[in-house]
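What follows is a single structure, written as C-alpha cells, with notes after it.
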Amino acid sequence: MNILVINAGSSSLKYQLLNPETGDLLAKGLCERIGIDGKFTYKPQVDGKEKLDAVDVAMPTHSEAIQTVLDALVDPKNGVIGSMKEIDAVGHRVVHGGEAFNQSVLITDEVMQALEDCIPLAPLHNPANITGIKACQACMPGVPMVGVFDTAFHQTMPAKAYMYALPYEYYENDKVRRYGFHGTSHKYVAARAAAMLGKKPEELKLISCHLGNGSSVTAVDGGKSVDTSMGFTPLAGLPMGTRSGDLDAGILQYVMNKYNMSIDEMLNVLNKKSGVQGVSGVSSDFRDLENAHKEGNERAGLAVDMFNYGVKKLIGAYAAAMGGVDAIIFTAGVGENSVSQRLDIASGLEFMGVKMDAEANNVRGKEAVISAADSTVKVLLIPTNEELMIAMDTAAIVKG
Ligand code: AMP
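In the working numbering, the protein residues as written are 553 to 952.
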C-alpha cells in the first residue's frame with residue numbers, strides 16, 4: 553500500500569510517497585514558489601533514479617504543483633511507481649481541526665465545510681491546507697483523501713488543562729481555549745516510546761519534548777494527551793526560534809503604548825522577532841547560538857539557558873500533573889541532535905529519578921535510551937516522523 557502525504561502551505565507544498573506497512577519511503581520533495589515562478593524538487597529513494605533539485609516548472613496554482621508531483625512519481629525513467637493506480641490514498645496535514653476533530657478523518661463534503669469553519673482559528677495555515685486538498689481532488693478523482701490534524705491528539709485534554717481563566721463566554725461563543733499543536737509528532741513518538749519500552753501505551757506516563765524551531769512539550773498519560781504547552785495558537789509555551797512563548801499580557805499594553813504600536817505590529821514582534829533570536833540578537837538557529845556562545849557571546853548563552861530552563865520546568869510541571877513519569881522523550885531538530893541541551897535539560901532532575909548516561913547521550917538522530925541503567929525514569933531519543941504517522945493514520949482509515 554502506498555500513501556501520498558501532502559503538507560500544503562500558501563506558496564509551497566511538501567510531499568512524500570510512503571508505504572505505511574513497511575515504513576519505506578519511495579520519494580519525497582517539494583514544490584516552492586507556487587503562484588510565482590515555480591520550483592520543483594524531487595528526491596526518489598530508489599536506486600538508479602535521478603533527482604531534480606529546484607528546477608523551474610510553471611506552477612500558477614496548487615493544481616499544477618500536484619500534477620507535477622504525480623508526473624514525476626510515474627515518470628517512465630525516474631518515477632518510483634508504474635501508474636497512479638499504485639497510490640491508494642492521500643493523507644493531508646491540516647493544522648487546525650478545532651474541537652470538531654479529535655482524530656484523523658476521511659475527507660467528505662461535510663468535512664470540507666468543517667475545515668472551512670476552522671479557518672478563523674488558523675487564518676494563515678488552514679486555507680493553504682484546504683487549497684492542497686482541493687488540488688489533489690481535482691488531479692486524483694476517486695482516490696480517498698484523509699485529513700490529519702496537528703490539534704487532534706490534544707483533544708483528550710481535560711477542561712482544567714485547556715480552559716483559559718477568561719470570561720466563560722469567550723470559550724462558549726468564540727472557542728477560545730488551549731488546542732495545542734505538533735500533535736502528530738507527539739502521537740508518533742509516544743507510540744514509538746511504548747514499543748521501545750515493551751509496554752502498552754495505556755501503561756505509561758510520558759513527557760514528550762518536541763524541541764525544534766517551533767517547540768512544545770506534552771504530557772501523555774495512558775496514551776492520551778492530558779496537557780501541552782502550546783495554546784490557542786502556536787505562539788504559546790516555550791520561547792522558540794523567533795516566537796516569544798508565554799508572557800505577561802500586561803507587557804503588550806505597556807510596550808504598545810510606549811512605542812505607539814498596533815496589535816498587528818506587536819504580534820509580528822512576538823511571532824517573528826522574539827524567542828532565542830530576540831534575546832540573543834544572533835540567530836533563531838540553535839547551532840548558531842551554540843557557536844556564538846563558544847566564541848563568548850553571553851546573550852546567545854542566555855537564550856539557550858532560558859529555553860532549556862523552560863523545558864525543565866515543563867517536565868516538572870507535567871510529572872506533577874500526571875502524578876509521576878515513566879519516560880521523557882526528546883525529539884525534533886534540537887531534541888534529536890543537541891547532546892549538550894539534552895544534558896542541561898535533564899540535569900537537576902535526579903530528585904525525581906532522572907539520571908542521564910553521558911556516553912549513551914552522545915548520539916544523534918536515531919532511537920536510543922540515553923538514561924543510565926539505574927535511572928527510574930527512562931530518557932529516550934526518538935526521531936519524529938510526522939509523514940509516516942500521517943501515512944499510518946491514512947491507511948488505517950482507508951482500510952476501515
Ligand atoms: P526543526 O524545526 O525540528 O527542524 O529543528 C530546527 C532546529 O534544530 C534548529 O534550531 C537547529 O539549529 C536545531 N538543530 C539541528 N541540528 C542541531 C545540532 N546538531 N545541535 C543543536 N541544534 C540543532
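Where is the CB? At the ideal position from N, CA and C, for every residue including glycine.
Minimum C-alpha distance to residue i - residue among the options
{"i": "L932", "options": "A624, A879, M944 and I949", "result": "A879"}
{"i": "K918", "options": "F882, F903 and A680", "result": "F882"}
{"i": "A560", "options": "N554, G581 and P572", "result": "G581"}
{"i": "G750", "options": "Y870, V921, E573 and V769", "result": "V921"}
{"i": "A943", "options": "N823, A610 and V642", "result": "V642"}
{"i": "C583", "options": "T708, D800, P786 and S563", "result": "S563"}
{"i": "I633", "options": "I555, F653 and L604", "result": "I555"}
{"i": "G876", "options": "S890, Q597 and K930", "result": "K930"}
{"i": "Q689", "options": "M664, G830 and P572", "result": "M664"}
{"i": "G590", "options": "A871, L758, D605 and G600", "result": "D605"}
{"i": "E902", "options": "D926, Q893 and S826", "result": "D926"}
{"i": "L854", "options": "L841, V863, E847 and L804", "result": "L841"}
{"i": "R744", "options": "A872, T613, L758 and T785", "result": "L758"}
{"i": "M611", "options": "V915, I588 and F838", "result": "I588"}
{"i": "S737", "options": "Y714, K752 and T703", "result": "T703"}
{"i": "K824", "options": "G848, N809 and L787", "result": "L787"}
{"i": "L673", "options": "K727, P628 and P710", "result": "K727"}
{"i": "G1002", "options": "Y861, I803, P791 and N843", "result": "Lying before the first or after the last residue shown, residue 1002 is absent from the chain, which here runs from 553 to 952."}
{"i": "G862", "options": "N889, R894, H845 and K846", "result": "R894"}
Range of the contiguous alpha helix (DSSP H) that encloses residue i
{"i": "L866", "result": "E850 to M874"}
{"i": "A687", "result": "N678 to C691"}
{"i": "H762", "result": "Counting along the chain, H762 falls outside any alpha helix (DSSP H), though it belongs to the beta strand (DSSP E) covering K757 to L763."}
{"i": "K637", "result": "Where K637 is concerned, there is no enclosing alpha helix (DSSP H), given that its DSSP letter is neither H nor E."}
{"i": "I618", "result": "H614 to L625"}
{"i": "N725", "result": "Y720 to D726"}
{"i": "Y714", "result": "A711 to Y714"}
{"i": "I949", "result": "E938 to K951"}
{"i": "I897", "result": "V891 to A898"}
{"i": "F784", "result": "No alpha helix (DSSP H) holds F784; DSSP gives it neither H nor E."}
C-beta contact flag for residue i and residue j at 9 angstroms
{"i": "I586", "j": "M692", "result": "no"}
{"i": "V772", "j": "S760", "result": "yes"}
{"i": "Y740", "j": "T946", "result": "no"}
{"i": "S768", "j": "G789", "result": "yes"}
{"i": "V647", "j": "F705", "result": "no"}
{"i": "D857", "j": "D896", "result": "yes"}
{"i": "S836", "j": "A852", "result": "no"}
{"i": "S615", "j": "A680", "result": "no"}
{"i": "L667", "j": "I682", "result": "yes"}
{"i": "E939", "j": "Q568", "result": "yes"}
{"i": "D640", "j": "V695", "result": "yes"}
{"i": "K601", "j": "G631", "result": "yes"}
{"i": "M904", "j": "A871", "result": "yes"}
{"i": "V828", "j": "F784", "result": "no"}
{"i": "S923", "j": "K907", "result": "yes"}
{"i": "R795", "j": "S826", "result": "yes"}
{"i": "N654", "j": "T708", "result": "yes"}
{"i": "H644", "j": "V557", "result": "yes"}
{"i": "G735", "j": "P753", "result": "no"}
{"i": "G766", "j": "F733", "result": "yes"}
{"i": "N812", "j": "V834", "result": "no"}
{"i": "M748", "j": "I949", "result": "no"}
{"i": "K595", "j": "A579", "result": "yes"}
Sheet register partners of residue i (DSSP bridge)
{"i": "T593", "result": "L582"}
{"i": "N559", "result": "K566"}
{"i": "V931", "result": "I880"}
{"i": "H644", "result": "I558 and G699"}
{"i": "S923", "result": "M908"}
{"i": "L658", "result": "V698"}
{"i": "L804", "result": "Paired residues: none, contrary to the question."}
{"i": "V828", "result": "Paired residues: none, contrary to the question."}
{"i": "L799", "result": "BP columns for L799 are empty, so no partner."}
{"i": "L577", "result": "L570"}
Endpoints, beta strand (DSSP E) assigned at residue i
{"i": "N700", "result": "For the record, residue 700 in the displayed sequence is Val; it is not Asn. First-last of the beta strand (DSSP E) with V700: M697 to F701."}
{"i": "V772", "result": "S767 to D773"}
{"i": "S814", "result": "Premise fails: S814 is in no beta strand (DSSP E) and is neither H nor E."}
{"i": "V778", "result": "K776 to T780"}
{"i": "V607", "result": "L604 to D608"}
Supposed contact pair residue j and residue i - C-beta distance, whole angstroms, cut 8 angstroms
{"i": "G764", "j": "A898", "result": "18 angstroms between Cβ atoms; not a contact."}
{"i": "V698", "j": "S656", "result": "6 angstroms"}
{"i": "R730", "j": "Y720", "result": "Rounded, the Cβ-Cβ distance is 15 angstroms, inconsistent with contact."}
{"i": "G952", "j": "H762", "result": "With 8 angstroms as the limit, G952 and H762 do not qualify as a contact, their Cβ atoms being about 30 angstroms apart."}
{"i": "V778", "j": "M874", "result": "7 angstroms"}
{"i": "T613", "j": "F592", "result": "Not really, about 14 angstroms apart at Cβ, beyond 8 angstroms."}
{"i": "K864", "j": "G900", "result": "7 angstroms"}
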